[in-house]
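A short worksheet on the structure shown next.
In the numbering used here, the protein residues as written are 9 to 313.
Okay, structure coming up:
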């Protein structure tokens with residue numbers, strides 16, 4: 009319990025520091041073109057998934073995209089420990105290094121999920137790649153019970169903000185979007201775009217309720233945080249007892265779908281996000297309007313948890 013309270017206090021301190029250090033958040037410098045892909049994952053088959061990623065990168069490049077994003081742990085697969093271990097790779101893996109180097113051939117920022125191995129530890133990670141380099145990584149911090157107990161992922165401990173193509177952006181993964189905290193930290197650190205890779209393979213009795221819940225969580229994050237939100241999800245049709253519905257989209261800070269994929273269809277969706285979407289009359293209010301007493305009261309209640 010003491011460790012939990014300490015961890016919460018560290019998060020609160022980081023949020024408060026970021027808020028005070030940067031009360032006026034940056035505006036998007038220019039219009040950016042974003043592509044998000046949804047489709048089937050070959051669970052545990054790293055080579056097959058890498059081939060899919062390369063083809064989608066080619067298509068996104070033809071559309072003039074600045075960014076392209078893929079689903080959660082897409083390179084590795086998801087679902088059980090055997091699959092995760094089979095598809096897991098380290099950042100030093102030759103195939104991973106080669107793929108990162110290939111990004112020097114185009115101007116896009118590529119965000120792709122992987123089960124990232126470091127020694128005996130495996131992380132649910134998104135690689136952020138650009139210009140032949142790894143800009144950084146994000147590790148899923150809000151793990152589900154299956155993530156933690158069945159697949160043995162280690163939890164992430166930070167929400168970094170990256171900068172590329174005149175935009176500041178962060179990544180959160182799947183269950184992270186069920187909570188305001190990761191997106192709030194990203195916003196307070198200056199993010200304007202939030203990428204949210206998912207691997208949703210849900211029982212048929214609850215799949216539509218889950219879809220509605222996830223979409224409405226994204227609307228809330230977009231509007232309350234004034235973020236453009238870009239979702240990428242898998243499509244699973246070969247498992248009737250656990251379908252994956254897709255529902256990938258690009259959402260404005262107004263919470264409106266600018267472009268969205270059809271359910272259960274493999275598709276690359278592309279749309280532009282512009283600076284005007286972050287200003288009145290499209291959005292209203294901002295976090296710098298919150299009085300100090302309210303920020304402090306929320307922080308105090310969080311410390312009590």
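Backbone N, C-alpha and C define an ideal beta-carbon position, used for all residues, glycine too.
Per DSSP, residue 132 forms a beta bridge with which residues? Answer by DSSP bridge pairing, in chain order: 123.
If we ignore side chains and look at the alpha-carbon of each, how far apart do residue 286 and residue 171 end up? 17 Å
Can you pull the DSSP bridge partners for residue 236? 201
State the start and end residues of the unbroken alpha helix (DSSP H) segment that holds residue 301. Counting along the chain, the alpha helix (DSSP H) containing residue 301 begins and ends at 300 to 312.
Under 8 Å between C-beta atoms of residue 64 and residue 202: no
Give a yes or no on contact between the segment 80 to 93 and the segment 155 to 168, applying the rule of three or more CB pairs nearer than 8 Å. yes
Is the beta carbon of residue 127 closer than 8 Å to that of residue 274? no
Outcome for residue 80 when other beta-carbon atoms lying within 10 angstroms are tallied against a minimum of 16: buried
Can you name the residues that DSSP bridges to residue 253? 243
Spell out a yes or no on whether the segment 182 to 196 and the segment 138 to 149 are touching, meaning 3 or more CB-CB pairs, one atom from each, closer than 8 Å. With a cut-off of 8 Å, the segment 138 to 149 and the segment 182 to 196 count as touching, because enough Cβ pairs lie within range.
Buried or exposed (CB count within 10 angstroms, at least 16 for buried), residue 255: buried
In or out: residue 178 buried (at least 16 other Cβ within 10 Å) or exposed? buried
Run through the DSSP bridge pairs and tell me what residue 43 is partnered with. 76, 278
According to DSSP, what are the bridge partners of residue 293? Paired residue(s): none; residue 293 is not in a bridge.
Would you report the Cα separation of residue 93 and residue 52, rounded to the nearest angstrom? Going by C-alpha positions, residue 93 is about 8 Å away from residue 52.
Out of 176, 124, 62, state which residue places its alpha-carbon closest to the alpha-carbon of residue 6. Because residue 6 is not part of the residues shown, which for the chain are 9 to 313, the question remains open.
Spatial neighbours of residue 26 within its chain, please: C-beta separation below 6 Å, excluding the five flanking residues on both sides. Its pLDDT being 46, under 50, residue 26 is placed unreliably in this model, and the coordinates cannot settle the point.
Tell me, please, which residues DSSP counts as bridged to residue 118. According to DSSP, residue 118 bridges with 76, 137.
Beta-carbon contacts of residue 265 that lie in its chain and below 8 Å, excluding the five residues immediately before and after: A distance below 8 Å between beta-carbons, with the five flanking residues on each side excluded, links residue 265 to the following residues of its chain, in chain order: 257, 258, 259.
Which listed residue (299, 238, 211) has its alpha carbon closest to that of residue 7: Here the chain comprises residues numbered 9 to 313, so residue 7 is not present and cannot be evaluated.
If residue 234 and residue 291 are in contact, beta carbons under 8 Å, what's the gap, nearest whole angstrom? Indeed, because the Cβ distance is near 5 Å, the residues count as touching under 8 Å.
When we look at the beta-carbon of residue 120 and count the other beta-carbons within 10 Å, is it buried (16 or more) or exposed? buried
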